[in-house]
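Student: Structure in structure tokens, see below.
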Amino acid sequence: MRLSCAATPSLTSSLASPLFAPNSHSFANVSLAKAPSAVRLRVRCDLAAIPVLSFSGERVGEVPLDLKSAPSETARAVVHRGLVAEQQNQRRGTASTLTRGDVRGGGKKPYPQKKTGCARRGSQRTPLRPGGGVVFGPKPRDWSVKINRKEKRLALSTALASAATAADALVVEDFGQEFEAGPKTKEFVAAMRRWGLDPKRKAMFMLTEVSDNVLLSCRNIGTIKLLTPRTLNLFDILDSEKLVFTKSAVEYLNSMYGENAEEEGDGEEEEEEEIVLAG
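Numbering-wise (the numbering used here), the sequence shown opens with residue 1134 and increments by one.
As structure tokens, then:
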């Protein structure tokens, strides 16, 4: 049997397709640009002059707030990372469910494998049955994430500096002595109105010391957060529409987060109060 090697017209036409033609284009050498190197995180200091109001609502001067802050191109990422780390580290992670191997019972086969007309079943505690185990339910885990101390401090000071430069902050004179006679919520609300604050809007008050009468006067106002240097946190700063400081609180912030602040001198004052969240 002899095989014919002559090309058929259809084969000849297919080989003549431009797909099989030798490429005559000359490729020029293209130099690829190098990937940009990582930009080092820079820190700047924003100086903001915050007005000081008396307890009666009169303006009595200004106080400078000079805090370290990240540049505008990286500030959002730094604050976001600090907030995520803060929220994650507050989780206890104790939520736990029972799988089919953990629930009580279900060790005996309910009925024979065959000759019953029913679907085969090996346990009454299958996830398909009422009272059975949970599929892919939560188990105790560690939600904490690591963040550098300098980055955490920079996120906090950046959020404070941003609020101060956006005119969302004010300073009031120490008003603890105004409530020495006893707690009075009505008087505290009246003082807020004199300071230009709406009691229905979220506001954060930062005081170096909170007296019992001041705490009792405002604890029934759901929009107010009273914080101290120990309980200062990033979430309450970002969640508030107005930030109110006392003069002593501004001095503390300038000494801890200002340009001349010492990184090593954190001490116990920077420790935050533990807030327990459900896992």
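We treat Cβ as the ideally placed atom computed from N, Cα and C, and that holds for glycine.
Count the other C-beta atoms from every protein chain shown that fall within 10 angstroms of the C-beta of residue 1244, then say buried if there are 16 or more, exposed otherwise.
Tutor: On the sequence shown, residue 1244 is found 111 positions in, with the first residue counted as 1. Classification of residue 1244: exposed, given that the 10 Å Cβ count is below 16.
Student: In the structure shown, what three-state DSSP assignment does residue 1195 receive?
Tutor: What you label residue 1195 is simply residue 62 of the sequence shown in a count that begins at 1. Three-state result, residue 1195: strand.
Student: Just to confirm, is the Cβ distance from residue 1236 to residue 1265 under 8 Å?
Tutor: Walking along the sequence shown from the start, residue 1236 turns up at place 103. Walking along the sequence shown from the start, residue 1265 turns up at place 132. Taking 8 Å as the Cβ cut-off, residue 1236 and residue 1265 qualify as a contacting pair.
Student: Under DSSP, the beta strand (DSSP E) around residue 1360 begins and ends at which residues?
Tutor: In the sequence shown, residue 1360 corresponds to position 227, counting from 1. Residues 1357-1360.
Student: Between residue 1198 and residue 1383, is the Cβ-Cβ spacing less than 8 Å?
Tutor: As a position in the sequence shown, residue 1198 is number 65, starting the count at 1. As a position in the sequence shown, residue 1383 is number 250, starting the count at 1. Their beta carbons are under 8 Å apart, which means residue 1198 touches residue 1383 by this criterion.
Student: Straight-line CA distance for residue 1189 to residue 1230?
Tutor: For this step, residue 1189 is matched to residue 56 along the sequence shown. For this step, residue 1230 is matched to residue 97 along the sequence shown. Taking the straight line joining both Cα atoms gives about 56 Å.
Student: On the DSSP letters alone, give me the boundaries of the beta strand (DSSP E) that residue 1207 sits inside.
Tutor: As a position in the sequence shown, residue 1207 is number 74, starting the count at 1. Here residue 1207 belongs to no beta strand (DSSP E); instead the alpha helix (DSSP H) covers 1205-1222.
Student: For a minimum of 3 consecutive residues, which ranges assigned as the beta strand (DSSP E) are wholly contained in the segment 1323-1360?
Tutor: 1336-1339 and 1357-1360
Student: May I ask you to report which of helix, strand or coil DSSP gives residue 1182?
Tutor: Position 49 of the sequence shown, counting from 1, holds the residue named residue 1182. In this structure, residue 1182 counts as strand in the three-state DSSP scheme.
Student: By how many angstroms is the C-alpha of residue 1248 removed from the C-alpha of residue 1219?
Tutor: Walking along the sequence shown from the start, residue 1219 turns up at place 86. Walking along the sequence shown from the start, residue 1248 turns up at place 115. Between the alpha carbons of residue 1219 and residue 1248 lies a gap of roughly 60 Å.
Student: Using 8 Å as the threshold, is the segment 1305-1312 in touch with the segment 1269-1285, meaning 3 or more CB pairs across them?
Tutor: no
Student: Can you check DSSP and say which residues form a bridge with residue 1376?
Tutor: Counting from one through the sequence shown, the residue named residue 1376 turns up at place 243. Paired residue(s): 1302 and 1337.
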